[in-house]
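What follows is a short report on a single structure.
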Amino acid sequence: MKITRVEAIPFRIPYKTPLKWGLSGYLEAAEHVLVRVHTDAGVVGVAEATPRPTIYGESQASILYAIRNWFAPMVVGMDPAHTERIWSKFEGIHWNPTAKGAVDLALYDAIARARGVPLWEMLGGNSHRLSVSWMLGIRSIPEMVREAVEMRAGGFKAFKVKVGTDPEKDVQVIRALRENLGSDVLLYVDANMAYSVSTAVRTLKRMEEHGLAFVEEPVPAWDQRGRLKVSRAISIPILGDESVFTPQDVAREIELGAIGIISIKTPRTGYTLSLKIVNLAETAGIPCLMGTQAETGVGTLASAHFGAARRNVSYPSEISFFLSLTDDLLAEPIALKDGFIELPTRPGNGAVLDEEKIKRYRMD
Ligand code: MG
35 MKITRVEAIP
45 FRIPYKTPLK
55 WGLSGYLEAA
65 EHVLVRVHTD
75 AGVVGVAEAT
85 PRPTIYGESQ
95 ASILYAIRNW
105 FAPMVVGMDP
115 AHTERIWSKF
125 EGIHWNPTAK
135 GAVDLALYDA
145 IARARGVPLW
155 EMLGGNSHRL
165 SVSWMLGIRS
175 IPEMVREAVE
185 MRAGGFKAFK
195 VKVGTDPEKD
205 VQVIRALREN
215 LGSDVLLYVD
225 ANMAYSVSTA
235 VRTLKRMEEH
245 GLAFVEEPVP
255 AWDQRGRLKV
265 SRAISIPILG
275 DESVFTPQDV
285 AREIELGAIG
295 IISIKTPRTG
305 YTLSLKIVNL
315 AETAGIPCLM
325 GTQAETGVGT
335 LASAHFGAAR
345 RNVSYPSEIS
355 FFLSLTDDLL
365 AEPIALKDGF
375 IELPTRPGNG
385 AVLDEEKIKR
395 YRMD
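Quick note, the sequence shown lines up with residues 35 to 398 if you use my numbering.
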């Protein structure tokens, strides 16, 4: 099988409510890129690239440029199954993680479709379903509690809470959520690196009293000593996200010993690097979860297949954000039941695209 063409289509789908995180994160819509890898066998692999200028320095325009001018010419004529060889070509261009990631995900999707197997079976075969959490963006305490209670009634048993703008309010949010959700719900916070070391220690110790399960990136990712100090002062694990973008980052953090859980984001590491990360983590006794990049349905399916396939992805994954979109490119919605994503049984990631919707939401 040979790759004949790579398509990159910019699209925009508004969120139901804007998403706020950390000190400056703010998004009103998914302005992402749909990637389709065409092959001479007739199968087409699909994936989604999620620009995050504040995190990776990529934009929708830069992703289109990188795929059309660099990565597509590298892969056309190659066998999509030669993912290691292809990734070593990608390494000739620095960074551009979600542009590379999306092409890589689409390659694996094409392979699985050609072989007639669902991706979760090709990637490890641990399970056909994945437990997911619900993420609460930064809003007023009553609004956050109301949303959580509603989602708890809908089957969610784990909640990620965005914090970092106001430590005192952050503690009160956790207290209010625990009081309203009961003791059997998993609660964790993501500070998106917004606390200082001393604020993190002081604030997290108070949150621990309300049964906080773990904390994601309390202090700036570059501050390894600070991260180690925080991890030694608190009794819950740190979940790594911004500090573990690459397998090399993961190896360094395992050595440092500050991180107890790892967030894997297939949009930024594709499957090729995500496999290296999950294996490194598992070998070091560090469980993982699938982190959200606020993907639409296509990206959610890609991530869900990976998480379901690997037994070391054992904490609830964050990839329920597609529920916050006003629409999707999928013809068949993702099946979510009692806090689990049930994967489609079709080959590949199982995504069936709605061509009408692609026409409606494309931006070029
Ligand atoms: Mg995060």
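The beta carbon of each residue, even a glycine, is placed where N, CA and C say it ideally should be.
Every value quoted in this text rests on a predicted model; they were computed, and no experiment measured them.
The DSSP-derived three-state label of Thr38 is strand. Taken in chain order, the complete alpha helix (DSSP H) segments of 4 or more residues contained in the region 56-104 are 87-90 and 94-100.
Taken from the Cβ of Asp257, every heavy atom of ligand 1 lies 7 Å or farther away. Taking the Cβ of Gly319 as the reference point, every heavy atom of ligand 1 lies at 7 Å or farther away. In this structure, Ile120 lies away from Val69, with their beta-carbon atoms at least 8 Å apart. The region 258-278 makes no contact with the region 94-111: fewer than 3 CB pairs, one atom from each, lie closer than 8 Å.
For Gly325, the shortest C-beta to heavy atom distance toward ligand 1 is below 7 Å. Cβ-Cβ separation between Pro252 and Val264: approximately 5 Å, consistent with a contact (criterion under 8 Å). DSSP places Ser232 in the helix class (H, G or I) of the three-state scheme.
Contact between Thr360 and Glu82 does not hold, since their C-beta atoms are separated by about 17 Å, which reaches or exceeds 8 Å. Beta-bridge analysis with DSSP links Phe248 to Tyr222. Taking each of Arg259, Tyr229, Thr379 and Asp257 in turn and checking the Cα distance to Val249, the smallest one comes out for Tyr229. With three or more CB-CB distances shorter than 8 Å, the region 325-340 counts as touching the region 142-156. Distance from the CA atom of Leu246 to the CA atom of Pro367, rounded to whole angstroms, is 32 Å. Using a Cβ distance threshold of 8 Å, Ile353 and Ile320 do not count as a contacting pair. The distance from the Cβ of Ile268 to that of Leu309 is about 31 Å, inconsistent with a contact at the 8 Å cut-off.
The DSSP-derived three-state label of Met178 is helix. Pairing Asp138 with Thr117 gives a Cβ-Cβ distance under 8 Å. When only Cα atoms are considered, Leu323 and Thr379 end up about 22 Å apart.
In this structure, Asn226 has its beta carbon less than 7 Å from a heavy atom of ligand 1.
Following the DSSP letters along the chain, one finds Met324 inside the beta strand (DSSP E) bounded by residues Cys322 to Met324. Taking 7 Å as the cut-off, one finds no heavy atom of ligand 1 near enough to the beta carbon of Asp113. When the Cα atoms are used, Ser217 and Pro52 turn out to be separated by approximately 29 Å. Under DSSP, Ser354 shares a beta bridge with no residue. Assignment of beta-bridge partners to Pro152 by DSSP yields Gly382.
Ranked by how close their Cα comes to the Cα of Thr300, the residues Val312, Gly291 and Arg186 have Val312 in first place. For Glu276, there is no enclosing alpha helix (DSSP H), as DSSP marks it with neither H nor E.
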